[in-house]
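Asks: Provided herewith is a single structure, encoded as structure tokens, for subsequent inquiry.
Residue numbers (the working numbering): 5 to 117.
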């Protein structure tokens, strides 16, 4: 059961991160269409929906990332590799928190600004 949980949590985490990235691109694309003078009312509503879908995806990424913390605790690759893997994960998550923060801020400004 633990292995199944690891796969499901990992899948949800990665899938939500991918959807979030798509919502950032979607909001940017819609904003460009609005600036070009296309149907503003319809695009405003769609842009805001993409924003909130993105916020939901970030929540899933954070929740499943926390779940991964508890399911990836074995010393599977050995002590040296595990130490390096954990340091790399810390760096990766610092970078990704900055990217998520900047992306959400940019989305918010485009959707509601």
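Don't be surprised by glycine CBs; every beta carbon is placed ideally from N, CA and C.
All values reported here derive from a predicted model rather than from experimental measurement.
Measuring CB atoms only, is the segment 54-69 touching the segment 80-96, in the sense that at least three cross pairs come out at less than 8 Å?
Replies: As far as the Cβ criterion goes, the segment 54-69 does not touch the segment 80-96, which means the pair count is below three.
Asks: Would you identify the three-state DSSP class for residue 43, choosing helix, strand or coil?
Replies: Here residue 43 corresponds to residue number 39 of the chain shown, with the count starting at 1. It is coil, neither helix nor strand.
Asks: Quick one: Cα of residue 13 to Cα of residue 73, how far?
Replies: If you number the chain shown from 1, residue 13 lands on position 9. If you number the chain shown from 1, residue 73 lands on position 69. Computed Cα separation, rounded: 10 Å.
Asks: Please state the DSSP three-state secondary structure of residue 71.
Replies: Your numbering for residue 71 matches position 67 in the chain shown. Residue state for residue 71 is assigned as helix, using DSSP reduced to three classes.
Asks: Within 10 Å of its beta-carbon, does residue 24 have 16 or more other beta-carbons around it, so buried, or fewer, so exposed?
Replies: On the chain shown, position 20 is the one that residue 24 refers to. Answer is buried; the Cβ neighbour count reaches 16.
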